[in-house]
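First up is the structure itself, then whatever we jot down about it.
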Amino acid sequence: MSIYGEFLVLPKTTDLYLLRSRPPSEKLIDLTFRNVVISMAAMVAVVLFGILVLVFTGSVESMGRYGLRFLFTSDWNPVNNDYGAFAAIYGTIVTSTFSLLIAVPLGVGAAIFITENIIPTRIREAIGIMVELLAAIPSVVLGLWAIYVMEPFLRPLLSGLHEYLGWIPFFSTKPIGPGTLPAILILVIMILPIITSISRDSLNQVPKKLREASYGIGATRWTTIFKVIVPAAVSGIAGGVLLALGRAMGETMAVTMIIGNSNAFNWSILSPGYTIASMLANQFGEADGAQVSSLMYAAFVLMVLTLAVNVVAQWLVKRLSLKY
Amino acid sequence: MDSKATHNTSPQICIGMENVTIEYNGSPAVRNIYCDIPSEKVTALIGPSGCGKSTVLRSFNRMNDLIEGCTLKGKVLFEGKDIYAKNVDPVEVRRRIGMVFQQPNPFPKSIYENIAFGARINGYTGDMDNLVEQSLKQAAVWEECKDKLNESGYSLSGGQQQRLCIARTIATQPEVILMDEPCSALDPISTLKIEETIHELKSRFTIVIVTHNMQQALRVSDMTAFYNAEETIGMSGKVGYLVEFSETQKIFNSPKEKATQDYIQGKFG
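Respectively, the protein sequence lines represent chains A and B.
Take 1076 as the starting number for the first sequence in my numbering and just add one per residue.
Take 217 as the starting number for the second sequence in my numbering and just add one per residue.
Set out below in structure tokens:
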């Protein structure tokens, strides 16, 4: 045997590969892991379903008594056991819609500004960090700021709005302090970082080659952004808007502090109002009997609303998204 | 460098470079290039990786403007005018000098819209259906597309997508078409089809093509510029420069420079 041959000969010892036949213990570990993962995943569904069922059963009493009338009246009288959540439902829809109307252009615009090379990278990064810090402010702090700083500061402006645009039902009352519009503005601040950061991520994910394709055929920056980049990122942006809408509908603390908590229905967004979330937060403490059931009913309505919005938005995202 | 020969064979100069140095964040990628690219001919830029041939190509229609920290010294003349002059709008430059990229990059829109979009941007007011058909025919992809103009551009194969991109560029009616390794992501059959397309197009457009494939340069081009890169004292990394620019036949059969000969024969790169 040559001196090289010695290196080429491998010892024929299959028993060095101990795991070639798998021992039962190892198979058991695999099986256990699989079952643990499945049960953890199932937990999410169980919790979601459980909450839905509990809220529903809790509200059955109130549903039976008031039926759909609950959704279209706005009495809230524990003495006579007369309940209606129209003001709160209206407030929820109005605050979330208006805050989205303001925050979407702002947030998407900011995201475009951060992702495009209009200004130097360092400034863009600084703005990006600030947007994320905005999301870190606790909502109770924002609420406090809204009451003591923002609302007094804005009141002259809101009065002007009433004076000149008072013929529009939305501005038909005199601003007296806390109200729906300040709540909308505080919601804008709260959902802006969500929209901005998710839009920025999805804009960043648009392949560079699409941008080059657009510039390469002589498109301007404007055309490139609004005809190519944003449409390519629209499914991600819509996802961010959806999350923001969920937050706006469910946001409790800051809204409760600034919205005025009045169950008296009024079209005007300058008057004090209510949202379902703020109503729940305000009333659960001293509620019992029929009132608890009515609160459950309102909570159920809120859940159905967010669920409906989610379904519609998912469908919309599917229709809008471009494949590349 | 043999720019005199260029003048003799083709008096029409389309793109001229005068002492062009392109830098990324202060460190040069290519330096001191003088080169006159003739009109209505196919010019190939060849050279090893990292010699800056793509960078040079992208400087012809100011695509490098999109890269932060990229600066250009010297002059790039298009029909005698400096395209880097202060009063020149890069968008207009790109409308007259179109580009086909390394990766096929159709828009996530229908095949029809891929063509129509660019034409509309450039202010085309004629018969759009006709333009779409003509452009796809010129890019030799009409047969594959004619029955599915409303389907996404991404429903096509890679080679078809690249020809769609060529059609999109043709539809904007530029004077020059720049191609940055248009076949590097394609199979040999698609590559041949693109090369046939280039042959079709060279009667109407000035074409500048970057390629890694020397056989391709030999097959499609009239003129060839060979770029090389070398370590420079005091600089980090390699810096590209133009070694030789002449008719393709001369470059491949009787190159003047030793480096060109070595590269052609596959000794490096």
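The beta-carbon is built from N, C-alpha and C at its ideal position, and this holds for glycine as well.
What's the C-alpha gap between Asn321 of chain B and Val426 of chain B?
Stepping through the second sequence from its first residue, residue 321 of chain B is reached at position 105. Stepping through the second sequence from its first residue, residue 426 of chain B is reached at position 210. Whole-angstrom Cα-Cα distance: 17 angstroms.
Alpha-carbon spacing of Thr271 of chain B relative to Ala1294 of chain A, whole angstroms:
Within the second sequence, the letter at position 55 stands for residue 271 of chain B. Within the first sequence, the letter at position 219 stands for residue 1294 of chain A. Distance between the alpha carbons of Thr271 of chain B and Ala1294 of chain A: 21 angstroms.
Beta-carbon contacts of Gln477 of chain B that lie in its chain and below 6 angstroms, excluding the five residues immediately before and after:
As a working note, residue 477 of chain B is residue 261 in the second sequence. Contacts found: Pro471.
Inside the region 302-338 of chain B only - beta strand (DSSP E) runs reaching at least 3 residues:
313-316
Using the three-state DSSP reduction, which class does Gly355 of chain B fall into: helix, strand or coil?
Here residue 355 of chain B refers to the residue found at position 139 of the second sequence. The residue asked about is misnamed: residue 355 of chain B is Ala in this sequence, not Gly. Three-state DSSP puts Ala355 of chain B in coil, outside helix and strand.
Looking at chain A, is there any beta carbon in it that lies within less than 7 angstroms of the beta carbon of Thr422 of chain B?
For this step, residue 422 of chain B is matched to residue 206 along the second sequence. No, its Cβ sits nowhere closer than 7 angstroms to a Cβ of chain A.
Please tell me whether Arg336 of chain B has its Cβ less than 7 angstroms away from any Cβ of chain A.
Indexing the second sequence from 1 puts residue 336 of chain B at position 120. No, its Cβ sits nowhere closer than 7 angstroms to a Cβ of chain A.
Where Pro1195 of chain A sits in the DSSP three-state scheme
Counting from 1 along the first sequence, the entry for residue 1195 of chain A is found at position 120. Note: Pro1195 of chain A maps to coil in three-state DSSP.
Cutoff 7 angstroms: Asn1279 of chain A Cβ touching any chain B Cβ
As a working note, residue 1279 of chain A is residue 204 in the first sequence. Output row for Asn1279 of chain A: interface = no.
Report the residues of the region 315-332 of chain B with a CB closer than 7 angstroms to any CB of chain A, ordered along the chain.
Met315, Phe317, Gln319, Asn321, Phe323, Pro324
Residues within the region 1258-1285 of chain A neighbouring chain B, beta-carbon criterion of under 7 angstroms
Lys1284, Leu1285
Tyr340 of chain B to Phe421 of chain B, Cα distance in whole Å?
For the purposes of this step, residue 340 of chain B is identified with residue 124 of the second sequence, where counting begins at 1. For the purposes of this step, residue 421 of chain B is identified with residue 205 of the second sequence, where counting begins at 1. When rounded, the distance between both Cα atoms is 18 angstroms.
Does the beta-carbon distance from Ile313 of chain B to Val246 of chain B come in below 7 angstroms?
The residue given as residue 313 of chain B occupies position 97 in the second sequence. The residue given as residue 246 of chain B occupies position 30 in the second sequence. Cβ distance not < 7 angstroms, so Ile313 of chain B and Val246 of chain B don't count as in contact.
Look at Ser1149 of chain A and Gly1133 of chain A and say whether their C-beta atoms are less than 7 angstroms apart.
If you number the first sequence from 1, residue 1149 of chain A lands on position 74. If you number the first sequence from 1, residue 1133 of chain A lands on position 58. Not a contact, by the Cβ cut-off of 7 angstroms.
What runs of the alpha helix (DSSP H), each 4 residues or longer, lie entirely inside the region 1084-1151 of chain A?
1099-1141, 1144-1147
Is it right to say Pro1195 of chain A is buried, meaning 16 or more other beta carbons lie within 10 angstroms of its own, or is it exposed?
Numbered from its first residue, the first sequence carries residue 1195 of chain A at position 120. Result: exposed.
Chain B contact for Thr1295 of chain A (CB, 7 angstroms cutoff):
Position 220 of the first sequence, counted from the start, is the residue given in the question as residue 1295 of chain A. Closer than 7 angstroms to some Cβ of chain B, the Cβ of Thr1295 of chain A qualifies, so yes.
Considering just the uninterrupted stretch of the beta strand (DSSP E) at Asp396 of chain B, what are its terminal residues?
Position 180 of the second sequence, counted from the start, is the residue given in the question as residue 396 of chain B. Here the beta strand (DSSP E) through Asp396 of chain B covers 392-396.
Whole-angstrom C-beta distance between Thr259 of chain B and Val424 of chain B, which should lie under 8 angstroms
For this step, residue 424 of chain B is matched to residue 208 along the second sequence. For this step, residue 259 of chain B is matched to residue 43 along the second sequence. Indeed, because the Cβ distance is near 5 angstroms, the residues count as touching under 8 angstroms.
I want to verify the contact list: residues of chain B whose CB lies under 9 angstroms from the CB of Ile1193 of chain A, in sequence order.
Mapped onto the first sequence, residue 1193 of chain A falls at position 118. Result: empty, since nearest Cβ-Cβ is about 11 angstroms, beyond 9 angstroms.
So what's Lys1393 of chain A in DSSP terms, helix, strand or just coil?
Sequence index remark: in the first sequence, residue 1393 of chain A carries index 318 (1-based). Helix.
Other residues of its chain near Glu397 of chain B: CB distance less than 7 angstroms, five sequence neighbours each side excluded
Position 181 of the second sequence holds residue 397 of chain B. Excluding residues within five positions, the ones whose Cβ falls inside 7 angstroms are Gln318, Val426, Thr427, His428.
Whose C-alpha, out of A:Leu1260, A:Ser1247, A:Leu1209, is nearest the C-alpha of Leu1229 of chain A?
By 1-based counting over the first sequence, the position of residue 1229 of chain A is 154. That would be A:Leu1260, whose Cα lies nearest to the Cα of Leu1229 of chain A.
What would DSSP say about Thr1172 of chain A, mapped onto helix, strand or coil?
Walking along the first sequence from the start, residue 1172 of chain A turns up at place 97. In the structure shown, Thr1172 of chain A sits in a helix (DSSP, three-state: H, G or I).
For Ala1210 of chain A, which of helix, strand or coil comes out of DSSP?
As a position in the first sequence, residue 1210 of chain A is number 135, starting the count at 1. If DSSP states are grouped into helix, strand and coil, Ala1210 of chain A belongs with the helices.
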